[in-house]
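Chemist: Mind having a look at this structure? Questions to follow.
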Amino acid sequence: MSDSPLTIADRIQSQLDRLTRAERQLAQSILDNYPASGLGPLSALASDAGVSAPTVARMVQKLGFKGYPDFQSDLREELKAKGTTPIAKHDTWAEGAPSAHVLNRFTDAVIDNIRHSLAQIDTADFDAACALLADTDHRLHIVGGRITHTMAEYLFLHMQVIRRDVTHIRSTSNTWPHDLLDLREGDVVAIFDVRRYEANTLKLARMARERGARIILVTDQWRSPVHTLSEICLSSRIVVPSAWDSNVTILLLIETMISAVQTLNWDDTRPRMETLEDMFDRTKLFRKFT
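Each residue of the sequence shown is one higher than the one before, starting from 652 at the first, in my numbering.
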């Protein structure tokens with residue numbers, strides 16, 4: 652197995668400009684059903700992508716593998732990691748835990764996550780996501796899961812101030828189909844989904860896509876199955892020395908998005924903020940010290 656901290660999807664994205672036309676065709680085929688697409692025989696992958704077996708062998712080497720068996724070994728490890736439970740994650744970290752204090756180990760892991768995530772995120776994709784979030788010609792719907800609903804709510808609360816027509820859909824409730832009733836073609840749906848990927852979130856994404864929604868997905872390095880339905884997919888590394896994954900990098904993305912969208916919409920956002928502050932003053936919701 653490779654020692655690279657990057658997933659195979661990361662490596663493919665970073666090599667796209669260096670690939671031949673046939674290799675790019677193969678790369679897209681792999682990413683369309685990743686990581687399961689590469690788990691069969693080399694000949695099957697070549698046939699599915701409409702390329703030759705030597706094309707597969709060449710691209711695998713360009714990605715840094717000695718051969719197809721090593722490539723498959725990494726794919727299997729990624730597939731295994733996708734479904735890892737909190738107990739298994741804890742045991743993996745505990746087995747080889749260094750003597751450094753957990754504050755240092757955890758912080759080092761988070762900094763690594765941020766560094767690797769920023770290296771892999773396409774800034775053009777990030778800018779396009781912010782433009783969609785800022786576009787008030789279309790309504791915005793924000794969705795999270797069992798854990799990531801907190802991330803979704805954080806983005807929702809800020810977007811609600813920045814722009815009009817924002818809805819927080821709770822996929823963990825059995826009422827989420829009600830929220831899709833008024834979904835219009837062209838509406839933007841921002842979805843948060845990290846391992847272990849939630850069935851309800853995938854169902855919601857499929858129905859939203861059928862109704863013409865444009866999906867922005869924020870996910871982990873292995874990518875939620877929702878990525879096949881999304882227009883823009885932003886992946887973050889989430890692994891830390893804990894039974895739980897870390898949302899720090901995702902929060903960094905969210906707060907940067909909030910800043911970017913606020914700047915794009917400032918002419919409309921400022922009067923909304925002023926109106927909201929006036930409401931706060933009238934309700935005496937917050938203490939004033941002047």
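Ideal Cβ positions, reconstructed from N, Cα and C, are used throughout, including at glycine.
Pull up the DSSP beta-bridge partners for Ala704, would you.
Modeler: In DSSP, Ala704 forms no bridge with anything.
Chemist: Can you find at least 3 beta carbon pairs, one from the region 872-882 and one from the region 899-907, that sit closer than 8 Å?
Modeler: At 8 Å Cβ cutoff, the stretches do not touch.
Chemist: Where does Leu832 fall in DSSP's three states?
Modeler: In this structure, Leu832 counts as coil in the three-state DSSP scheme.
Chemist: Helix, strand or coil: how does DSSP classify Lys740 here?
Modeler: In this predicted model, Lys740 has a pLDDT of only 49, less than 50, meaning its place in the structure is not dependable; the value taken from the coordinates is given anyway. If DSSP states are grouped into helix, strand and coil, Lys740 belongs with the helices.
Chemist: Go ahead and pull the three-state DSSP assignment for Asp871.
Modeler: DSSP places Asp871 in strand when its eight states are reduced to three.
Chemist: Let me know the secondary structure DSSP gives Asp668 once reduced to three states.
Modeler: If DSSP states are grouped into helix, strand and coil, Asp668 belongs with the helices.
Chemist: Is it buried or exposed, Glu928, if we count other Cβ atoms within 10 angstroms and call 16 or more buried?
Modeler: Counting Cβ neighbours within 10 Å, Glu928 comes out exposed, since fewer than 16 surround it.
Chemist: Tell me whether the beta-carbon of Ile909 lies closer than 8 Å to the beta-carbon of His809.
Modeler: Going by C-beta atoms, Ile909 is nearer than 8 Å to His809.
Chemist: Check whether the Cβ atoms of Val707 and Gly718 lie closer than 8 Å to each other.
Modeler: No, Cβ-Cβ distance for Val707 and Gly718 is not below 8 Å.
Chemist: Residues in its own chain within less than 7 Å of Gly640 by CB, not counting five upstream and five downstream?
Modeler: Nothing about residue 640 can be read from this structure; the chain reaches only from 652 to 941.
Chemist: Between His819 and the rest of its own chain, which residues show a CB-CB distance below 7 Å, the 5 nearest in sequence each way excluded?
Modeler: So the list reads Ile793, Ala803, Glu804, Phe807, once near-sequence residues are dropped.
Chemist: Do the CB positions of Ser897 and Gln771 come within less than 8 Å of each other?
Modeler: For Ser897 and Gln771, no; Cβs fall outside 8 Å.
Chemist: Compute the Euclidean distance between the alpha carbons of Arg857 and Asp871, then round it to the nearest angstrom.
Modeler: Arg857 and Asp871: Cα-Cα distance of roughly 19 Å.
Chemist: Based on the DSSP output, what are the partners of Phe843 in its beta bridges?
Modeler: Its beta-bridge partners are Val869.
Chemist: Which runs of the alpha helix (DSSP H) fall wholly inside the region 759-815 and span at least 4 residues, in chain order?
Modeler: Counting whole runs of 4 or more residues, the region 759-815 contains the alpha helix (DSSP H) stretches 774-785, 800-813.
Chemist: State the start and end residues of the unbroken alpha helix (DSSP H) segment that holds Leu885.
Modeler: Note, Leu885: premise wrong, no alpha helix (DSSP H); beta strand (DSSP E) at 883-887.
Chemist: Please confirm whether any heavy atom of the ligand FAD lies closer than 7 Å to the CB of Glu849.
Modeler: With respect to small molecules bound, the structure shown includes none, and the ligand FAD cannot be examined in it.
Chemist: Excluding the 5 residues preceding and the 5 following His789 in the sequence, name in chain order all residues of the same chain whose CB lies nearer than 6 Å to its CB.
Modeler: Once the five neighbours on either side are set aside, the close Cβ partners of His789 are Gly837, Asp838, Val839.
Chemist: Measuring CB to CB, does Ala697 end up less than 8 Å from Ala687?
Modeler: No, they are not a contact pair.
Chemist: Which of the three DSSP states is assigned to His752 in this structure?
Modeler: Three-state result, His752: coil.
Chemist: Taking DSSP as the reference, what is the three-state secondary structure of Val957?
Modeler: Only positions 652 to 941 of the chain appear in the structure, and residue 957 is not among them; the question remains open.
Chemist: What whole-angstrom Cβ distance do Ile672 and Lys713 have, given they're in contact under 8 Å?
Modeler: What sits at residue 672 in the sequence shown is Arg, not Ile. The pair is not a contact, with the Cβ atoms about 14 Å apart (cut-off 8 Å).
Chemist: Buried or exposed for Arg814, going by 16 or more other Cβ atoms inside 10 Å?
Modeler: The residue in question, Arg814, is buried, as its Cβ has 16 or more Cβ neighbours within 10 Å.
Chemist: Classify Phe843: buried if its beta carbon has 16 or more other beta carbons within 10 angstroms, exposed otherwise.
Modeler: It counts as buried.
Chemist: According to the neighbour-count rule (16 or more other Cβ atoms, all chains shown, within 10 Å of its Cβ), is Ile762 buried or exposed?
Modeler: Ile762 is exposed by the Cβ-count criterion.
Chemist: Would Arg727 and Leu690 qualify as a contact pair, given that the criterion is a beta-carbon distance under 8 Å?
Modeler: It is a contact, given that the beta carbons lie within the stated cut-off.
Chemist: Is it the case that the Cβ atoms of His800 and Thr826 are separated by a distance below 8 Å?
Modeler: No; because the gap between Cβ atoms is not below 8 Å, this pair is not in contact.
Chemist: Rounded to whole angstroms, what's the CA-CA distance from Lys939 to Met930? Just pull it up for me.
Modeler: If I take the Cα positions, the gap works out to 14 Å.
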